[in-house]
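Okay, structure first, notes after.
Residue numbers (the working numbering): 1163 to 1678.
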């Protein structure tokens, strides 16, 4: 369900009414009573926590307030966000999962507090990365406390046992990757005497957003194409307006044509992306480095004795000419926004930010991302060691942390707890070390997207129609359903359907931001 103009109009009226009420003072007694309570809306990935449960009680103790949380199943969160933004019942704090049209319009209309230059006075809310905070901004203005994600986490996973059996090294260039994918397809890497394997595994990738750090986006970056947008002759240019974009997709199409990519790449459910790898059907995945932890868990279930010998990881790859362009991520995943409708004065805002600052302490973030020390985990040499207890209460704590409260983490979040989980064998310890090494190395050649802070009004209104044009055409080209000439024609259609206006606005706003 998409936000309709009527709903947006209703939201604007509701917002105006709320702001007028705020200007008149509102119900002071009621607001005084409410100061001891913090209302929130948060996405949920499992069973909703009990408000009287151990985790919520522990969080409330740190925050210093009672929490009234509306837990919304993640699959429904986007629709619920649109409904709430168009209502007069916006909670004090809500997790916003991205710069959606509805949120951008609400923020720019004054529904949320602008926090630009405000967060420095709260030591635990101060931005950990200027680049990430800029990326999370709306035309340079900060409307939320961003939820940290690694600024660079792209990596490539390989079947190590296949590399070893075929006497192959971890690729360093795109040419190396092609040769490994070819060998994984044609040289019987699993030794079963059958030609039943392939190299690269790609899942169906959602098309609503073109720039989504998909395997396609990563490969295009390796070939020197912009990361969504890039400076070409003093102008920010979409990646698909460059010849490097076409070179990358010709390279990938060759792999598809030769059967080096899973034949169902256009339809494979992304939730089953791991399956061909650990089941021994495919040998390469281009994704995030933390996928290695998931894969180790799956391989361990399958082969507890030898699972550490089945996974290798490498970083971003060089182009054929030896130049390296690494694909970074946004550095954030949504943010915690503070409603002006429910938090009406500067004093109230300070009170809420102080509560969030307490939640952002080491103690608070460890609670949100790891759990309760001594109950569901213990510390050994600075690592999180799960307490494998059959006690239902411990299982409840794990559920509440992993599928609910972790969503409130701002600098310790999913896969990034204050305490990393203890590696169970030497291979996992080495992978953890390598992960950090590759991140530092690839950050030196990271190609950041200069358009990330920019929100084009034309894109807000037309992005949902524009993005699938090129995304869908790219998949059709790779599948052999259309020619390169037809792919270029679809790019032209993108421009004629409103893309030219988007590019013009992005360049204009970029110039106003100082071209940074």
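Think of the CB as a built atom: it goes at the ideal place given N, C-alpha and C, for glycine as much as any other residue.
Give the range of the alpha helix (DSSP H) segment to which residue i is assigned.
{"i": "residue 1268", "result": "1263-1270"}
{"i": "residue 1589", "result": "1588-1605"}
{"i": "residue 1439", "result": "1437-1440"}
{"i": "residue 1558", "result": "1554-1564"}
{"i": "residue 1336", "result": "1336-1348"}
{"i": "residue 1622", "result": "1619-1640"}
{"i": "residue 1296", "result": "1292-1298"}
{"i": "residue 1568", "result": "Neither: residue 1568 is in no alpha helix (DSSP H) and is coded neither H nor E."}
Which class does residue i belong to by DSSP, given the choice of helix, strand or coil?
{"i": "residue 1260", "result": "coil"}
{"i": "residue 1457", "result": "helix"}
{"i": "residue 1714", "result": "Not covered by the structure: residue 1714. The range shown for the chain is 1163 to 1678."}
{"i": "residue 1549", "result": "coil"}
{"i": "residue 1394", "result": "strand"}
{"i": "residue 1278", "result": "coil"}
{"i": "residue 1661", "result": "helix"}
{"i": "residue 1503", "result": "coil"}
{"i": "residue 1308", "result": "strand"}
{"i": "residue 1408", "result": "helix"}
{"i": "residue 1747", "result": "The structure shown does not extend to residue 1747, since the chain is modelled only from 1163 to 1678, so the question has no answer here."}
{"i": "residue 1671", "result": "helix"}
{"i": "residue 1326", "result": "helix"}
{"i": "residue 1415", "result": "helix"}
{"i": "residue 1185", "result": "Interpretation of residue 1185 is limited by its pLDDT of 39, a score under 50 that renders its predicted location unreliable; the figure taken from the coordinates is listed afterwards. The answer is helix: DSSP assigns residue 1185 an H, G or I state."}
{"i": "residue 1176", "result": "Reliability fails at residue 1176, whose pLDDT of 42 lies under 50, so the model's placement of it is uncertain and the value that follows must be treated cautiously. Helix."}
{"i": "residue 1643", "result": "coil"}
{"i": "residue 1240", "result": "helix"}
{"i": "residue 1513", "result": "helix"}
{"i": "residue 1583", "result": "strand"}
{"i": "residue 1526", "result": "helix"}
{"i": "residue 1363", "result": "strand"}
{"i": "residue 1649", "result": "helix"}
{"i": "residue 1508", "result": "helix"}
{"i": "residue 1608", "result": "strand"}
{"i": "residue 1378", "result": "helix"}
{"i": "residue 1463", "result": "helix"}
{"i": "residue 1452", "result": "coil"}
{"i": "residue 1518", "result": "helix"}
{"i": "residue 1402", "result": "helix"}
{"i": "residue 1486", "result": "strand"}
{"i": "residue 1222", "result": "helix"}
{"i": "residue 1247", "result": "helix"}
Tell me which residue opens and which closes the beta strand (DSSP E) that residue i is part of.
{"i": "residue 1539", "result": "1539-1542"}
{"i": "residue 1316", "result": "1316-1321"}
{"i": "residue 1211", "result": "First-last for residue 1211: undefined, no H or E at that position."}
{"i": "residue 1469", "result": "Unbroken run through residue 1469: none, as it is neither H nor E."}
{"i": "residue 1476", "result": "1473-1476"}
With a CB to CB cut of under 7 Å and the five nearest residues on each side skipped, what residues in its chain are close to residue i?
{"i": "residue 1225", "result": "1200, 1517, 1520 and 1521"}
{"i": "residue 1469", "result": "1458, 1461 and 1462"}
{"i": "residue 1652", "result": "1631, 1632 and 1635"}
{"i": "residue 1598", "result": "none"}
{"i": "residue 1436", "result": "1456, 1457 and 1460"}
{"i": "residue 1364", "result": "1377, 1423, 1424 and 1427"}
{"i": "residue 1322", "result": "1471, 1472, 1473 and 1474"}
Note down, in chain order, each residue of its chain lying with its Cβ closer than 6 Å to the Cβ of residue i, except the 5 sequence neighbours on either side.
{"i": "residue 1429", "result": "1366"}
{"i": "residue 1207", "result": "1236 and 1565"}
{"i": "residue 1118", "result": "This structure leaves residue 1118 out entirely; the chain is present only between 1163 and 1678."}
{"i": "residue 1587", "result": "1470"}
{"i": "residue 1418", "result": "1640"}
{"i": "residue 1202", "result": "1231, 1253 and 1255"}
{"i": "residue 1287", "result": "1281, 1307, 1519 and 1522"}
{"i": "residue 1505", "result": "1254, 1511 and 1514"}
Short of 8 Å in beta carbon distance, which residues of its chain neighbour residue i, apart from the five on each side in sequence? Order them along the chain.
{"i": "residue 1594", "result": "1582 and 1585"}
{"i": "residue 1464", "result": "1440"}
{"i": "residue 1259", "result": "1205, 1239, 1240, 1243, 1495 and 1496"}
{"i": "residue 1675", "result": "1301, 1302, 1615 and 1616"}
{"i": "residue 1393", "result": "1399 and 1612"}
{"i": "residue 1442", "result": "1321, 1352 and 1359"}
{"i": "residue 1413", "result": "1336, 1340, 1381 and 1385"}
{"i": "residue 1348", "result": "1357"}
*Could you tell me whether the stretch 1539-1555 touches the stretch 1197-1214, where touching means 3 or more Cβ pairs closer than 8 Å?*
no
_Validate contact between the stretch 1563-1581 and the stretch 1457-1476 using beta carbons, cut 8 Å, 3 pairs_ = no
*Any contact of the stretch 1476-1484 with the stretch 1311-1325, i.e. 3+ C-beta pairs under 8 Å?*
yes
*At a cut of 8 Å, does the stretch 1254-1261 reach the stretch 1492-1501 through at least three beta carbon pairs?*
yes
*Could you tell me whether the stretch 1654-1670 touches the stretch 1616-1629, where touching means 3 or more Cβ pairs closer than 8 Å?*
yes
*Does the count of Cβ pairs from the stretch 1526-1537 and the stretch 1320-1332 closer than 8 Å reach three?*
no
*Can you find at least 3 beta carbon pairs, one from the stretch 1333-1353 and one from the stretch 1412-1427, that sit closer than 8 Å?*
yes
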